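Numbering of the sequence shown is given in my numbering, commencing with residue 30 and proceeding in unit increments. The beta carbon of each residue, even a glycine, is placed where N, CA and C say it ideally should be. Owing to the predicted nature of the structure, the values given are computational and were not obtained by experimental measurement. Shown next, in structure tokens, is the structure this report addresses.
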Amino acid sequence: MIVEYIRYRVPAERQAEFVPAYARAARALDAAPECLGYELSRCVEDPAAYVLRIRWASAEDHLRRFRTGPHFPAFFREIRPYVNDIEEMRHYTPTEVTSAS
């Protein structure tokens, strides 16, 4: 499993539609067998900052199977207006340090 983190900085005038757009895009993530789960969070101290955390079965499942599969076009259609708001997009491998719950 890998974890993808995408950090966004969304201007104030576009924030009202950002979360609803991701709620629509999430339908494609839910339908994609490569996606193991996701969460979109907004920064308390800096409301323009958002972090999307997506768990993928593997990097190949994300970068090859999902991106070339049937669910990606619907996902990308919703998030396309926010691609230029991405500050960072990286994949991480979890370590053995984790909570029990």
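The criterion of a C-beta distance shorter than 8 Å is not satisfied by Glu116 and Arg43.
Per DSSP, Arg56 is one residue of the alpha helix (DSSP H) stretching across Gln44 to Ala60. In the displayed model, Glu116 falls within a strand according to three-state DSSP. Residue pairing by DSSP places Val32 opposite Arg84 and Tyr121 in a beta bridge. In this structure, the CA atom of Ala129 is about 14 Å from the CA atom of Pro123.
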